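S.K.:
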Amino acid sequence: MTEDLSPAERYAAARVRTREEATALAPFRALYDFDLDPFQIEACQALESGKGVLVAAPTGSGKTIVGEFAVHLALAQGRKCFYTTPIKALSNQKYTDLVKRYGAEKVGLLTGDNSVNSEAPVVVMTTEVLRNMLYAGSQSLRGLGYVVMDEVHYLSDRFRGAVWEEVIIHLPDSVTLVSLSATVSNAEEFGDWLDTVRGDTQVIVSEERPVPLWQHVMAGRRMYDLFEESTDHGGRGRGRREVNPDLVRLARMENSRSYNPRDRRRGRAVREADRERERRARSRIWTPGRAEVIDRLDAEGLLPAITFIFSRAGCESAVQQCLHSGLRLNDEVARAEVRRIVEERTAAIPGEDLHVLGYYEWLEGLERGIAAHHAGMLPTFKEVVEELFVRGLVKAVFATETLALGINMPARSVVLEKLVKWNGEQHADITPGEYTQLTGRAGRRGIDVEGHAVVLWQRAMDPAALAGLAGTRTYPLRSSFRPSYNMAVNLVHQFGRHRSRELLETSFAQFQADRSVVGISRQVQRNEEGLSGYREGMTCHLGDFEEYARLRRELKDRENELARQGAAQRRAAAAASLEKLRPGDVIHVPTGKFAGLALVLDPGLPAGRTGGQRGFEYHDGPRPLVLTAERQVKRLAAMDFPVPVEALERMRIPRSFNARSPQSRRDLASALRTKAGHIVPDRHRRGRAAAADDREIARLRSELRAHPCHGCDEREDHARWAERYHRLQRDTRQLERRIEGRTNTIARTFDRIVALLTELDYLREDEVTEHGRRLARLYGELDLLASECLRDGIWEGLGPAELAACVSALVYESRQADDAVAPKVPGGAAKAALGEMVRIWGRLDALEEEFRINQAEGVGQREPDLGFAWAAHQWASGRGLDEVLREAEMPAGDFVRWCKQVIDVLGQIAAAAPADGGTVAKNARRAVDGMLRGVVAYSSVG
Numbered sequence: 002m003t004e005d006l007s008p009a010e011r012y013a014a015a016r017v018r019t020r021e022e023a024t025a026l027a028p029f030r031a032l033y034d035f036d037l038d039p040f041q042i043e044a045c046q047a048l049e050s051g052k053g054v055l056v057a058a059p060t061g062s063g064k065t066i067v068g069e070f071a072v073h074l075a076l077a078q079g080r081k082c083f084y085t086t087p088i089k090a091l092s093n094q095k096y097t098d099l100v101k102r103y104g105a106e107k108v109g110l111l112t113g114d115n116s117v118n119s120e121a122p123v124v125v126m127t128t129e130v131l132r133n134m135l136y137a138g139s140q141s142l143r144g145l146g147y148v149v150m151d152e153v154h155y156l157s158d159r160f161r162g163a164v165w166e167e168v169i170i171h172l173p174d175s176v177t178l179v180s181l182s183a184t185v186s187n188a189e190e191f192g193d194w195l196d197t198v199r200g201d202t203q204v205i206v207s208e209e210r211p212v213p214l215w216q217h218v219m220a221g222r223r224m225y226d227l228f229e230e231s232t233d234h235g236g237r238g239r240g241r242r243e244v245n246p247d248l249v250r251l252a253r254m255e256n257s258r259s260y261n262p263r264d265r266r267r268g269r270a271v272r273e274a275d276r277e278r279e280r281r282a283r284s285r286i287w288t289p290g291r292a293e294v295i296d297r298l299d300a301e302g303l304l305p306a307i308t309f310i311f312s313r314a315g316c317e318s319a320v321q322q323c324l325h326s327g328l329r330l331n332d333e334v335a336r337a338e339v340r341r342i343v344e345e346r347t348a349a350i351p352g353e354d355l356h357v358l359g360y361y362e363w364l365e366g367l368e369r370g371i372a373a374h375h376a377g378m379l380p381t382f383k384e385v386v387e388e389l390f391v392r393g394l395v396k397a398v399f400a401t402e403t404l405a406l407g408i409n410m411p412a413r414s415v416v417l418e419k420l421v422k423w424n425g426e427q428h429a430d431i432t433p434g435e436y437t438q439l440t441g442r443a444g445r446r447g448i449d450v451e452g453h454a455v456v457l458w459q460r461a462m463d464p465a466a467l468a469g470l471a472g473t474r475t476y477p478l479r480s481s482f483r484p485s486y487n488m489a490v491n492l493v494h495q496f497g498r499h500r501s502r503e504l505l506e507t508s509f510a511q512f513q514a515d516r517s518v519v520g521i522s523r524q525v526q527r528n529e530e531g532l533s534g535y536r537e538g539m540t541c542h543l544g545d546f547e548e549y550a551r552l553r554r555e556l557k558d559r560e561n562e563l564a565r566q567g568a569a570q571r572r573a574a575a576a577a578s579l580e581k582l583r584p585g586d587v588i589h590v591p592t593g594k595f596a597g598l599a600l601v602l603d604p605g606l607p608a609g610r611t612g613g614q615r616g617f618e619y620h621d622g623p624r625p626l627v628l629t630a631e632r633q634v635k636r637l638a639a640m641d642f643p644v645p646v647e648a649l650e651r652m653r654i655p656r657s658f659n660a661r662s663p664q665s666r667r668d669l670a671s672a673l674r675t676k677a678g679h680i681v682p683d684r685h686r687r688g689r690a691a692a693a694d695d696r697e698i699a700r701l702r703s704e705l706r707a708h709p710c711h712g713c714d715e716r717e718d719h720a721r722w723a724e725r726y727h728r729l730q731r732d733t734r735q736l737e738r739r740i741e742g743r744t745n746t747i748a749r750t751f752d753r754i755v756a757l758l759t760e761l762d763y764l765r766e767d768e769v770t771e772h773g774r775r776l777a778r779l780y781g782e783l784d785l786l787a788s789e790c791l792r793d794g795i796w797e798g799l800g801p802a803e804l805a806a807c808v809s810a811l812v813y814e815s816r817q818a819d820d821a822v823a824p825k826v827p828g829g830a831a832k833a834a835l836g837e838m839v840r841i842w843g844r845l846d847a848l849e850e851e852f853r854i855n856q857a858e859g860v861g862q863r864e865p866d867l868g869f870a871w872a873a874h875q876w877a878s879g880r881g882l883d884e885v886l887r888e889a890e891m892p893a894g895d896f897v898r899w900c901k902q903v904i905d906v907l908g909q910i911a912a913a914a915p916a917d918g919g920t921v922a923k924n925a926r927r928a929v930d931g932m933l934r935g936v937v938a939y940s941s942v943g
């Protein structure tokens, strides 16, 4: 090609090459056996020129190359580079990669579990570790030149996202920041904020997938393309894609009614023939089974595949279904290699624990090339699955959506069983952002020519809606930043109150809030224009219709208020009747899911009242535990009793009755039906409505009738315009309040937190007290509660296992709220201390309410959860894994994860507790030793 250039052009090209060879990027590019993509080169050049960078690119596109260039620059310049990741698994993986390239002496690792060569020039760490170093003013920060924040979109995480903003805000100005993010739709907004707080930052966005992604729907024996072949571009272009008409026809056929009432007028033979024709047409449409899907993908050369199932139990069940079907994806050579790797990686696990952990069933699946992957698995098992999958020895993985956020595990195909998942509150459709993140795993760069996303056919599926999911790239980055108690004392200690307030106002959360005010202001202006039009529409020639409308609203509000008072009185009467219930009372539940005959097992009164079960404290009245006539044991709530309830009969509850035993429930329910099944409960009659005798309502009705507008022929038309005017005026006032509320929101929350901490003597103006210095060492959701427990000395004198049980209440959160049975807790001193912790939390909760600190906004202390206290106590006491897991009814992976979190907080408490005279610091360290054993000790991540 150079022969075609003129001498001047050859000279210019030579000068460009000379300039490029003189840069740090040239030798860095030579380290790779493939050429860098344009977005990677652009980011690296910006970095070398001294700018910070934000790189937003799809999963698997190679954006970590830019982070590795920052490491290269730091070493070349004799400076340090910290490489941060959101999870320990990613930290371990990146540490291994960098050690291979630069050698163990130049690379260190810092996570909650591991500290390896922490003073090395390149250190990989979790983001929380860097945040803690910044607050502590660690000497390790000296000479720091670059910080890489991998997966910076974690900033949106509701629980941990604030840590990313804390680090970005508090890093010294001399540090260059490299932010690596998944594709987000507001990268420019995030880049603008980085430019504001970090200085010159270049935003590089790449939406081009490195491997094209083809979308499919599997229905019956056939796999349909989601988009028409002529319009599909594998997600690599921007043109409009048309939905496959075959799929649209399939959906129309599936959703058409199978029976028409008019068919009754036709002959029976004709109707039967029509139905048979329809059955044959529909026989082509079904949702394939899990083993069938994998078999089909294998036949079409689309393995390895990750099937996303939004349930842990579903993942395990899928593996079992594949095993029972006889599916085998590995030959004998691969099976032997799998067994060798598994035995090598699990050699440290004691033999007696293997059976408890389901090792042999897990190994059988792996040998066949099939595995599950979810948070309930032992971390060691998850690591083995990941390693075997990357090596191609496991070809089908059934995973929960957490894998989409985890380590590098790309596949040729991704399968989605359903497009609905449980979000903690309800079953909701997955968002376009979630769909993009899940299917982004399909297509391995350098291995696959193309990736495939397969959605399984479900009844009532809408292909157009699916195409909308697949074609929309909306994944906005939303700040979850909120000040915490620990953050407040650390900031005041370092900067004083005034400077801390200014720093918080530079957060991305405040940046987004201030920007959103512009749009709200425009809406207020539009609303005011609308109000003038509505005012004209309600004008009445007989008088002031606005005044008449006000009287109508006051009348309606008064009637509603009286109705609410009546409902409140009925609820109070119902609550009073519930307080009279005793074990053995037979009642009739008037409404709700468990309406009908029921036997009271426990009246569920607040602790301390007659018949109350200790350990329960209900703030919304009694919650009786009952056995229904259908053999279900449930704890009811006030909403199940809109009217008072009374005992219809009494029964003796056998001492041997066990609510967990199906046989016990069946026998007692049968006795209940025999004893009281014939009784018909009295119907509750409502009394005379309060509105009938209310003087205020009578006055308002009189004024309405006397008003001139009451006789207007167009009164109801005017009233409709007046109602619209009132609604729009109310909405406008709410918008104006939002504008007021969004300005300085973070700083105002900080002020309230500081006021509460001052009240508790953690702060005195700009001074951090001894109590405040202790709080500064405690990180976690219940930081203030932990500090108050240390201050009140409620953990003094507890043994190591008892202390572990108490600390577990600070970290554990039940996956499902199931209050039918009180959590089992250890007795003695531990039980008393746990009770004191709940009492202290109640005091803090009242204080937070007084200082307007709102838990719903992500600020404040949730109630401690005692659900892990027994398991933590037993494990710290040296009990065997089999016994502890059986009693805890918890998967091994969850058990290990909660143990690690307890160990982490125990370490913080050991550092924060007074060292002289007390027992807490010493016993916290002993508790760590007691818990860091067996499966917990040999799990390198968690």
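If you want my numbering, it's the 1-based position in the sequence shown plus 1. The beta carbon of each residue, even a glycine, is placed where N, CA and C say it ideally should be. No experiment lies behind these values; they were computed from the predicted model shown.
Distance, Cα to Cα, A723 vs L791?
M.R.: About 60 Å.
S.K.: If we ignore side chains and look at the alpha-carbon of each, how far apart do A550 and A429 end up?
M.R.: Their Cα atoms are separated by approximately 41 Å.
S.K.: Would you decide whether A821 is buried or exposed? Buried here means 16 or more other CB atoms lie within 10 Å of its CB.
M.R.: The pLDDT assigned to A821 is 48, lower than 50, so where the model puts this residue is not dependable, and the model offers no usable value.
S.K.: Select from R369, P625, A44, P655 the residue whose C-alpha is nearest the C-alpha of V634.
M.R.: Selected option, being the one with the closest Cα: P625.
S.K.: DSSP three-state label for D586, please.
M.R.: Looking at D586 - three-state DSSP - the assignment turns out to be strand.
S.K.: If you reduce the DSSP assignment to three classes, tell me which class Y260 lands in.
M.R.: Any reading at Y260 must be qualified, since the residue scores a pLDDT of 42, below 50, and its modelled position is unreliable; the value itself is stated next. Coil.
S.K.: Pull up the CB-CB distance for G221 and I169, whole angstroms please, since I reckon it's below 8 Å.
M.R.: Contact flag wrong, Cβ pair sits at about 51 Å.
S.K.: Per DSSP, which one or two residues make a beta bridge with A373?
M.R.: In DSSP, A373 forms a bridge with F399.
S.K.: Using the C-alpha atoms, what's the distance from E849 back to F496?
M.R.: If you take the alpha carbons of F496 and E849, they lie about 25 Å apart.
S.K.: Is S7 buried or exposed, if buried means 16 or more other CB atoms sit within 10 Å of its CB?
M.R.: Label assigned to S7: exposed.
S.K.: So what's L882 in DSSP terms, helix, strand or just coil?
M.R.: L882 falls in the helix class under three-state DSSP.
S.K.: Report all residues from its chain with a CB closer than 8 Å to the CB of Y225; omit the five preceding and five following residues, and keep chain order.
M.R.: Cβ neighbours of Y225 beyond the five flanking positions: H217, V218, M219, N245, D247, L248, L251.
S.K.: State yes or no: is the C-beta of P380 within less than 8 Å of the C-beta of V885?
M.R.: Their beta carbons are not under 8 Å apart, which means P380 does not touch V885 by this criterion.
S.K.: Helix, strand or coil for E647, going by three-state DSSP, please let me know.
M.R.: DSSP places E647 in coil when its eight states are reduced to three.
S.K.: Could you name each continuous beta strand (DSSP E) segment of 3 residues or more that falls completely within the segment 153-237, going from the start of the chain to the end?
M.R.: Runs of the beta strand (DSSP E) inside the segment 153-237: 177-182, 202-206, 214-220, 223-226.
S.K.: By DSSP, does A823 sit in helix, in strand, or in coil?
M.R.: It is coil, neither helix nor strand.
S.K.: Quick check on this structure: which residue in I795, Q140, K923 has the alpha carbon closest to the alpha carbon of I841?
M.R.: When each option's Cα is compared against that of I841, the closest is I795.
S.K.: Helix, strand or coil, according to DSSP, for V860 in the structure here?
M.R.: Coil at V860, not helix or strand.
S.K.: Taking DSSP as the reference, what is the three-state secondary structure of G616?
M.R.: The predicted position of G616 is uncertain, since its pLDDT is 40 and thus under 50; a value taken from the coordinates is nonetheless stated next. G616 falls in the coil class under three-state DSSP.
S.K.: Identify which residue in N659, Q321, R666, G538 has its Cα closest to the Cα of E717.
M.R.: It is G538 whose Cα lies nearest to the Cα of E717.
S.K.: When we look at the beta-carbon of L845 and count the other beta-carbons within 10 Å, is it buried (16 or more) or exposed?
M.R.: Classification of L845: buried, given that the 10 Å Cβ count is 16 or more.
S.K.: Hey, how far is the Cα of R926 from the Cα of V808?
M.R.: Whole-angstrom Cα-Cα distance: 13 Å.
S.K.: Looking at the structure shown, is S809 part of a helix, part of a strand, or coil, going by DSSP?
M.R.: S809 falls in the helix class under three-state DSSP.
S.K.: What is the rounded straight-line gap between the Cα of R749 and the Cα of R502?
M.R.: So the two alpha carbons sit approximately 9 Å from each other.
S.K.: In the DSSP assignment, what residue or residues form a beta bridge with S116?
M.R.: DSSP lists L111 as partners of S116.
S.K.: Could you give the first and the last residue of the continuous alpha helix (DSSP H) run that contains C45?
M.R.: Start and end: 39-49.
S.K.: Could you tell me which whole alpha helix (DSSP H) segments of length 4 or greater appear in the segment 452-484?
M.R.: Taking only runs of at least 4 residues, the alpha helix (DSSP H) segments lying wholly in the segment 452-484 are 464-472.
S.K.: Assign M640 to one of three DSSP states: helix, strand, or coil.
M.R.: Helix, per DSSP.
S.K.: Between the segment 505-521 and the segment 671-680, can you find at least three pairs of beta-carbon atoms closer than 8 Å?
M.R.: At 8 Å Cβ cutoff, the stretches do not touch.
S.K.: When DSSP builds the beta bridges, which residues end up paired with R765?
M.R.: In DSSP, R765 forms a bridge with E768.
S.K.: Here's the rule: buried if 16 or more other CB atoms are within 10 angstroms of the residue's CB, otherwise exposed. What is K64?
M.R.: Buried, since its Cβ has 16 or more Cβ neighbours within 10 Å.
S.K.: Can you check whether the CB of G894 is closer than 8 Å to the CB of G377?
M.R.: Yes, the Cβ-Cβ distance between G377 and G894 is below 8 Å.
S.K.: Are there three or more Cβ pairs, one per stretch, closer than 8 Å when the segment 167-187 is compared with the segment 35-55?
M.R.: Enough Cβ pairs lie closer than 8 Å, so yes.
S.K.: Return the residue from the list W363, S481, I350 that minimises the CA-CA distance to Q321.
M.R.: Selected option, being the one with the closest Cα: W363.
S.K.: Taking a contact to mean a Cβ-Cβ separation below 8 Å, would you say C82 touches V149 in this structure?
M.R.: In this structure, V149 lies closer than 8 Å to C82 by Cβ.
S.K.: For L811, I'd like the list of residues in its chain whose CB is within less than 7 Å of its CB, leaving aside the five on either flank, ordered along the chain.
M.R.: So the list reads G781, L783, L786, A787, P865, V906, once near-sequence residues are dropped.
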